[in-house]
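Peer 1: Got a structure for you, questions after.
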Amino acid sequence: MTDNIPLQPVRQKKRMDSKHRGGCCECLRCCGRRDPRPRTVWLGHPEKRDQRYPRNVINNQKYNFFTFLPGVLFNQFKYFFNLYFLLLACSQFVVEMRLGALYTYWVPLGFVLAVTVIREAAEEIRCYMRDKEVNSQIYSKLTARGTVKVKSSNIQVGDLIIVEKNQRVPADMIFLRTSEKNGSCFLRTDQLDGETDWKLRLPVTCTQRLPTASDLLQIRSYVYAEEPNIDIHNFVGTFTREDSDPAVNESLSIENTLWASTVIASGTVVGVVLYTGRELRSVMNTSNPRSKIGLFDLEVNCLTKILFGALVVVSLVMVALQHFAGRWYLQIIRFLLLFSNIIPISLRVNLDMGKIVYSWVIRRDSKIPGTVVRSSTIPEQLGRISYLLTDKTGTLTQNEMVFKRLHLGTVAYGLDSMDEVQSHIFSIYTQQSQDPPAVKGLTLATKVRKTMSSRVHEAVKAIALCHNVTPVYESNGVTDQAEAERHYEDSCRVYQASSPDEVALVQWTESVGLTLVGRDQSSVQLRTPGGHILNFTILQIFPFTYESKRMGIIVRDESTGEITFYMKGADVVMAGIVQYNDWLEEECGNMAREGLRVLVVAKKSLTEEQYQDFEARYVQAKLSVHDRSLKVATVIESLEMEMELLCLTGVEDQLQTDVRPTLETLRNAGIKVWMLTGDKLETATCTAKNAHLVTRTQDIHIFRLVTNRGEAHLELNAFRRKHDCALVISGDSLEVCLKYYEYEFMELACQCPAVVCCRCAPTQKAQIVRLLQERTGKLTCAVGDGGNDVSMIQEADCGVGVEGKEGKQASLAADFSITQFKHLGRLLMVHGRNSYKRSAALSQFVIHRSLCISTMQAVFSSVFYFASVPLYQGFLIIGYSTIYTMFPVFSLVLDKDVKSEVAMLYPELYKDLLKGRPLSYKTFLIWVLISIYQGSIIMYGALLLFESEFVHIVAISFTSLILTELLMVALTIQTWHWLMIVAELLSLSCYIASLVFLHEFIDVYFIATLSFLWKVTVITLVSCLPLYVLKYLRRRFSPPSYSKLTS
748 MTDNIPLQPV
758 RQKKRMDSKH
768 RGGCCECLRC
778 CGRRDPRPRT
788 VWLGHPEKRD
798 QRYPRNVINN
808 QKYNFFTFLP
818 GVLFNQFKYF
828 FNLYFLLLAC
838 SQFVVEMRLG
848 ALYTYWVPLG
858 FVLAVTVIRE
868 AAEEIRCYMR
878 DKEVNSQIYS
888 KLTARGTVKV
898 KSSNIQVGDL
908 IIVEKNQRVP
918 ADMIFLRTSE
928 KNGSCFLRTD
938 QLDGETDWKL
948 RLPVTCTQRL
958 PTASDLLQIR
968 SYVYAEEPNI
978 DIHNFVGTFT
988 REDSDPAVNE
998 SLSIENTLWA
1008 STVIASGTVV
1018 GVVLYTGREL
1028 RSVMNTSNPR
1038 SKIGLFDLEV
1048 NCLTKILFGA
1058 LVVVSLVMVA
1068 LQHFAGRWYL
1078 QIIRFLLLFS
1088 NIIPISLRVN
1098 LDMGKIVYSW
1108 VIRRDSKIPG
1118 TVVRSSTIPE
1128 QLGRISYLLT
1138 DKTGTLTQNE
1148 MVFKRLHLGT
1158 VAYGLDSMDE
1168 VQSHIFSIYT
1178 QQSQDPPAVK
1188 GLTLATKVRK
1198 TMSSRVHEAV
1208 KAIALCHNVT
1218 PVYESNGVTD
1228 QAEAERHYED
1238 SCRVYQASSP
1248 DEVALVQWTE
1258 SVGLTLVGRD
1268 QSSVQLRTPG
1278 GHILNFTILQ
1288 IFPFTYESKR
1298 MGIIVRDEST
1308 GEITFYMKGA
1318 DVVMAGIVQY
1328 NDWLEEECGN
1338 MAREGLRVLV
1348 VAKKSLTEEQ
1358 YQDFEARYVQ
1368 AKLSVHDRSL
1378 KVATVIESLE
1388 MEMELLCLTG
1398 VEDQLQTDVR
1408 PTLETLRNAG
1418 IKVWMLTGDK
1428 LETATCTAKN
1438 AHLVTRTQDI
1448 HIFRLVTNRG
1458 EAHLELNAFR
1468 RKHDCALVIS
1478 GDSLEVCLKY
1488 YEYEFMELAC
1498 QCPAVVCCRC
1508 APTQKAQIVR
1518 LLQERTGKLT
1528 CAVGDGGNDV
1538 SMIQEADCGV
1548 GVEGKEGKQA
1558 SLAADFSITQ
1568 FKHLGRLLMV
1578 HGRNSYKRSA
1588 ALSQFVIHRS
1598 LCISTMQAVF
1608 SSVFYFASVP
1618 LYQGFLIIGY
1628 STIYTMFPVF
1638 SLVLDKDVKS
1648 EVAMLYPELY
1658 KDLLKGRPLS
1668 YKTFLIWVLI
1678 SIYQGSIIMY
1688 GALLLFESEF
1698 VHIVAISFTS
1708 LILTELLMVA
1718 LTIQTWHWLM
1728 IVAELLSLSC
1738 YIASLVFLHE
1748 FIDVYFIATL
1758 SFLWKVTVIT
1768 LVSCLPLYVL
1778 KYLRRRFSPP
1788 SYSKLTS
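Shown next, in the form of structure tokens:
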């Protein structure tokens, strides 16, 4: 069968986690320390340690004080280009090889290195200041002397640290105590794993029971913890208290941990520090920052190697024509030095200064305010991106849930008709307050067709009760916390939950009149529109899990004694639980296509006997030792039958402004977008549809969960049969596929118009980026806003951080920082495109400038019996590539072929750049031929037209050369800028003014004659006019794509 993938063994790469573990271990070994191992940590006694632990410092710098200069110099001289010029300059210390003054070689090289060192130093200082800000954050520490303030960098393993609400956790800790009455706390982990759901954390039971926090120092207790590793979802440890009788032992799991980079969302907590510094889970999940070298720089480096080959060939030819006479090896070296201009040292300076200009232009662009360029070495990369890998939460979305739709089957309520829902609720409670309770119970029990008001009421009440949301009251300056809690003060109430979806639902029920005002472990209080409090007892809660995809709650109404089982969940599981209906599947599909997150809400009324029977079986199942989870699930499923379908709810995670048009622009530009998120599969799929990452006409292939090689093989075969289909895959399935079928999977995924990876760990995101780079050879750009995106951003060829609600960690680690996702379109289409095209033009023009003078030198040497004598000496050779031509040539960094509005309107222009045509072997060869033609015309013209003096050759040829360069700049420019005109006139003025001081090289009286002027004019016209004619003919008969838009 042609579809099948052969079951053949593949080269298994090291997994990311093993790489990181290896990297950590290597680091420890080279520092003379042992491998990480399990540890015993005594509470409040950091001095009782059984091994050395790293300092709790965050360090994102590439160098330190001692490695900075060697590191920067090594990074410069490891490239052939710079190493060549270093050897060239050093050769001038040898007398036999010296061709001129030392400064003609060392000044340009010194200038190049100085620019590089200053730029790197500025970036390192900025990075140091950012790290210092994080390391200097102040925390409270419990000691025998009381509470003391301590910097984050001075926190040690074993310290008892107090963390306030909304404060970042400074180190990996075990949760010991909380100020919350319910004995738990919520944790925001979006900086760590990208999930917006708040996580519930539980303190160690033994320490939570202590009367005060200071008692933690009075007990003899310790935590035994596993060795540091990168797994952020699991933890194994034990807590032991020795001074009680008998000794207390508690097992510790992920529920008892507070990992660094998370934020406390409720109450004040106390924890004992377990891991610090490089052993933090968050640090082990990020890769070391690397020095990114742009593809453009590598291509220029390749061209310089070709030029070096040409230099060697020309030198050998010159010596060969001398028949290798005398000390020919010294002659070869002298010719190598004589023709060294073939490789222009000013190329590196011009390109580096060009990058600084591009960075300045990006920062100054009023259309993308707040954009910061943190790495000024790779702006050209932005013009050649083939794959964009983006985070979801906070990058594509605002991370704000909004209730959009309530569907009852026969009628649906949108945002514009919520006042109808409000009036239904109001009428029900007004009517109920007038009816006696007995009649009310009878009415609900009868099988008569319900009124619309009662149907709406049942749906809203179910939504208000079936959740895990807790209302919390805080003082607002006017009302204190205790009073606000007693009177259910609306202005002081905030909702806490592990899911923003649930908060959105509860906020909506409040807006239509049924308000959640109180909740603890055993009861819920709702307030009606009339201010009456409804009390419900919580009998059982069945929390949401990724396997069950639903949550349930059994409550008893205190006023009527009715027991009701409410349930909400995903449509795929709820369809088999609710009573038969003919609208559920269709409406769920309609709402999902709108990008809404759909929940199905149902209920079932239970008699007292039914509930007692269920409870007995449920308790029995929970006590069983074997197959406990299976037996519990079976008991719950006995209730989940023939439930009454109440409604569908549609919640939208609001997209960032202009996400859809931005993604469409990127698609039209030939960029494939992959979404990598730590969120759930359903949520990720909804957002992909809502953002139009997946177009309405495209099918979506949801890669089912695979756990072994055989399952992966079958699923890949099923996927291979699909065409033009977006892929949605979970992190676990992805890991299995990459383990056994890395090549086959990447080949299929790269053909997809869009890919969504959900439940992705931070290291997996970086692994996907690296695989894309290796498999396709194309440039990647990663966009994210959370700490969990840092690895991906640093691994990509171009990392973009979005400053959002998840903090600045991603934007600080990125090469470019933006404030909104929509700015990415302009950053790539306008600035990326311009930077690449300008650098391509600039580099080729600088090469042309150097090849011209080298061609003239070759002609001069060949005419004068192949002598290794320089044509131009001293200041002429330095002035040629600096004050005489530098400004006009460098002004090409201001050139643009189309206006920015046109570049945004026609993203197809960007697609042309992906082929690398602005700087290719073809364009390079054309410029080489132009240089040889012009250099030969100028030199032979000067030799033919000069009459007596040799200095006349120098005067005629050098003046013609300067004028030719200025005219060629004018020929190359596509859109004139006033600074370009200034640069041209300034350079010409500088040359004319300097002739007075150049009497050593040029006959000042000769240049004032008419003979000089007509000879220079003729030579210049012959060298430039044919090129102007060719350019006109090309524009006329074969215009480039952009010229059609500008005409």
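With the sequence shown counted from 1, adding 747 to any position gets you this note's numbering.
A virtual CB, placed ideally from N, CA and C, is assigned to each residue, including glycine.
Considering Cα atoms alone, identify which of Ser1270, Glu973 and Leu856 is closest to Cys837.
Peer 2: As a first step, residue 837 is located in the sequence shown; it is residue number 90 there, counting from the start. Ranking Ser1270, Glu973 and Leu856 by Cα distance to Cys837 puts Leu856 first.
Peer 1: Go ahead and pull the three-state DSSP assignment for Gln1401.
Peer 2: For the purposes of this step, residue 1401 is taken as residue 654 along the sequence shown, with counting starting at 1. It is a strand residue.
Peer 1: Rounded C-beta distance between Tyr1631 and Cys1737? I'm assuming under 8 Å.
Peer 2: Locating residue 1631 in the sequence shown gives position 884, counting from the first residue. Locating residue 1737 in the sequence shown gives position 990, counting from the first residue. Taking C-beta atoms under 8 Å as the contact rule, Tyr1631 and Cys1737 qualify, at a distance of about 6 Å.
Peer 1: Identify whether Gln823 lies in helix, strand or coil by the three-state DSSP scheme.
Peer 2: For the purposes of this step, residue 823 is identified with residue 76 of the sequence shown, where counting begins at 1. Here Gln823 sits in helix by DSSP.
Peer 1: Could you give the DSSP three-state label for Trp1006: helix, strand or coil?
Peer 2: Counting from one through the sequence shown, the residue named residue 1006 turns up at place 259. Looking at Trp1006 - three-state DSSP - the assignment turns out to be coil, as it is neither helix nor strand.
Peer 1: Which word fits Ser1164, buried or exposed, when buried means at least 16 other C-beta atoms lie within 10 angstroms of its C-beta?
Peer 2: Residue mapping note: residue 1164 aligns to position 417 of the sequence shown, counting from 1. Exposed.
Peer 1: Decide if Glu1712 is buried, meaning its Cβ has at least 16 other Cβ atoms within 10 Å, or exposed.
Peer 2: Here residue 1712 refers to the residue found at position 965 of the sequence shown. With 16 or more other Cβ atoms within 10 Å, it is buried.
Peer 1: Rounded to a whole number of angstroms, what is the C-alpha to C-alpha distance between Phe1568 and Val1406?
Peer 2: For this step, residue 1568 is matched to residue 821 along the sequence shown. For this step, residue 1406 is matched to residue 659 along the sequence shown. Answer to the nearest angstrom: the Cα atoms are 7 Å apart.
Peer 1: Quick check on DSSP: helix, strand or coil for Phe1309?
Peer 2: Position 562 of the sequence shown, counted from the start, is the residue given in the question as residue 1309. Strictly speaking, residue 1309 in this sequence is Glu, with Phe absent from that position. Reduced to three states, the DSSP call for Glu1309 is coil.
Peer 1: DSSP state of Thr1190, grouped into three classes?
Peer 2: Counted from its first residue, the sequence shown places residue 1190 at position 443. Interpretation of Thr1190 is limited by its pLDDT of 42, a score under 50 that renders its predicted location unreliable; no figure is taken from the coordinates.
Peer 1: With the cut-off set at 7 Å, would you say Leu1661 and Ser1133 are in Cβ contact?
Peer 2: As a position in the sequence shown, residue 1661 is number 914, starting the count at 1. As a position in the sequence shown, residue 1133 is number 386, starting the count at 1. Their beta carbons are under 7 Å apart, which means Leu1661 touches Ser1133 by this criterion.
Peer 1: Which runs of the beta strand (DSSP E), 3 residues or longer, sit entirely within the region 1453-1497?
Peer 2: 1472-1477
Peer 1: Count the other CB atoms within 10 Å of the CB of Met1388; is the residue buried (16 or more) or exposed (fewer)?
Peer 2: The residue labelled residue 1388 in the question sits at position 641 within the sequence shown. It is exposed - the Cβ of Met1388 has fewer than 16 other Cβ atoms within 10 Å.
Peer 1: By the 10 Å Cβ neighbour count, where 16 or more other Cβ atoms means buried, how is Met763 classified, buried or exposed?
Peer 2: Indexing the sequence shown from 1 puts residue 763 at position 16. In this prediction, Met763 has a pLDDT of 38, which is less than 50 and means its spatial position is unreliable; nothing more can be read from the coordinates.
Peer 1: Hey, out of Glu1334, Val1060 and Ile1600, whose CA is closest to Ala1159's CA?
Peer 2: Position 412 of the sequence shown holds residue 1159. Considering only alpha carbons, the answer is Glu1334.
Peer 1: Identify whether Cys1820 lies in helix, strand or coil by the three-state DSSP scheme.
Peer 2: The first residue shown for the chain is 748 and the last is 1794, placing residue 1820 beyond what the model contains.
Peer 1: Look up Val1219 in the DSSP assignment and say whether it is helix, strand or coil.
Peer 2: In the sequence shown, the residue the question calls residue 1219 occupies position 472. Annotated three-state conformation of Val1219 is strand, per DSSP.
Peer 1: Relative to the C-alpha of Arg1297, which candidate in Tyr1680, Leu1353, Asn1215 and Cys1239 has its C-alpha closest?
Peer 2: Looking up residue 1297 in the sequence shown gives position 550. Nearest option by C-alpha distance: Asn1215.
Peer 1: Taking 7 Å as the cut-off, decide whether the C-beta atoms of Ile1301 and Gln1287 are in contact.
Peer 2: Here residue 1301 corresponds to residue number 554 of the sequence shown, with the count starting at 1. Here residue 1287 corresponds to residue number 540 of the sequence shown, with the count starting at 1. Less than 7 Å separates the beta-carbon of Ile1301 from that of Gln1287.
Peer 1: May I have the straight-line CA-CA distance separating Lys1525 from Phe1784, to the nearest angstrom?
Peer 2: Residue 1525 sits at position 778 when you count from the first residue of the sequence shown. Residue 1784 sits at position 1037 when you count from the first residue of the sequence shown. For Lys1525 and Phe1784, the distance between alpha carbons rounds to 33 Å.
Peer 1: Could you pull the start and end residues of the alpha helix (DSSP H) that His1154 belongs to?
Peer 2: Here residue 1154 refers to the residue found at position 407 when the sequence shown is read from its first residue. Here His1154 belongs to no alpha helix (DSSP H); instead the beta strand (DSSP E) covers Thr1144 to His1154.
Peer 1: Within its chain, find whatever has a CB closer than 6 Å to the CB of Leu1710; leave out the 5 residues flanking it on each side and keep chain order.
Peer 2: Looking up residue 1710 in the sequence shown gives position 963. Thr1767.
Peer 1: Check whether the region 784-800 and the region 1017-1030 are in contact - that is, three or more C-beta pairs closer than 8 Å.
Peer 2: With the rule of 3 Cβ pairs closer than 8 Å, the region 784-800 counts as touching the region 1017-1030.
Peer 1: Return helix, strand or coil for Tyr1076, following the three-state DSSP convention.
Peer 2: Looking up residue 1076 in the sequence shown gives position 329. In the structure shown, Tyr1076 sits in a helix (DSSP, three-state: H, G or I).
Peer 1: If you drop the 5 nearest sequence neighbours on each side, which residues of the same chain put their C-beta closer than 7 Å to that of Thr1144?
Peer 2: Taking the first residue of the sequence shown as 1, we reach residue 1144 at position 397. The residues Asp1400, Gln1401, Leu1402, Gln1403 and Thr1434, in chain order, have a CB closer than 7 Å to that of Thr1144 in the same chain once the five nearest residues on each side in sequence are set aside.
Peer 1: Does the Cβ-Cβ distance between Arg1152 and Gly1397 come in under 7 Å?
Peer 2: Counting from 1 along the sequence shown, the entry for residue 1152 is found at position 405. Counting from 1 along the sequence shown, the entry for residue 1397 is found at position 650. Yes, these two residues count as a Cβ contact at 7 Å.
Peer 1: Please report the residue range of the alpha helix (DSSP H) in which His1204 lies.
Peer 2: Translated into positions along the sequence shown, residue 1204 becomes position 457. Counting along the chain, the unbroken alpha helix (DSSP H) around His1204 starts and ends at Met1199 to Leu1212.
Peer 1: List the DSSP bridge partners of Glu1391.
Peer 2: Stepping through the sequence shown from its first residue, residue 1391 is reached at position 644. In the DSSP output, where bridge partners are listed per residue, Glu1391 has Lys1350.
Peer 1: Alpha helix (DSSP H) containing Gln903: first to last residue?
Peer 2: Residue 903 sits at position 156 when you count from the first residue of the sequence shown. Looking at the DSSP string, Gln903 is not in any alpha helix (DSSP H), and its letter there is neither H nor E.
Peer 1: In chain order, what residues of the same chain have a beta carbon less than 7 Å from the beta carbon of Cys953, not counting five sequence neighbours either side?
Peer 2: Translated into the one-based positions of the sequence shown, residue 953 becomes position 206. Closer than 7 Å at the Cβ level, and outside the excluded window around Cys953, lie Phe986, Arg988, Val995 and Glu997.
Peer 1: In angstroms, rounded to a whole number, what distance separates the CA positions of Met1493 and Lys1646?
Peer 2: Numbered from 1 along the sequence shown, position 746 holds the residue referred to as residue 1493. Numbered from 1 along the sequence shown, position 899 holds the residue referred to as residue 1646. Whole-angstrom Cα-Cα distance: 38 Å.
Peer 1: Can you find a CB in chain D that lies within less than 7 Å of the CB of Thr1354?
Peer 2: No chain D appears in the structure shown, which is made up of a single protein chain.
Peer 1: Applying the 10 Å Cβ sphere with the 16-neighbour rule, what's the burial state of Phe1071?
Peer 2: Looking up residue 1071 in the sequence shown gives position 324. Exposed, since its Cβ has fewer than 16 Cβ neighbours within 10 Å.
Peer 1: State yes or no: is the C-beta of Asn1032 within less than 7 Å of the C-beta of Pro1617?
Peer 2: Taking the first residue of the sequence shown as position 1, residue 1032 is located at position 285. Taking the first residue of the sequence shown as position 1, residue 1617 is located at position 870. Result no, Cβ atoms of Asn1032 and Pro1617 do not sit closer than 7 Å.
Peer 1: Tell whether a beta-carbon distance below 7 Å holds between Lys717 and Pro1665.
Peer 2: Look at the range of the chain in this structure, 748 to 1794, and you will see that residue 717 is not part of it.
Peer 1: Can you check which of these residues, Leu1461, Glu974, Glu1384 and Leu1574, is closest to Val1320 by C-alpha distance?
Peer 2: Mapped onto the sequence shown, residue 1320 falls at position 573. Comparing Cα-Cα distances from Val1320 to each of Leu1461, Glu974, Glu1384 and Leu1574, the minimum goes to Glu1384.
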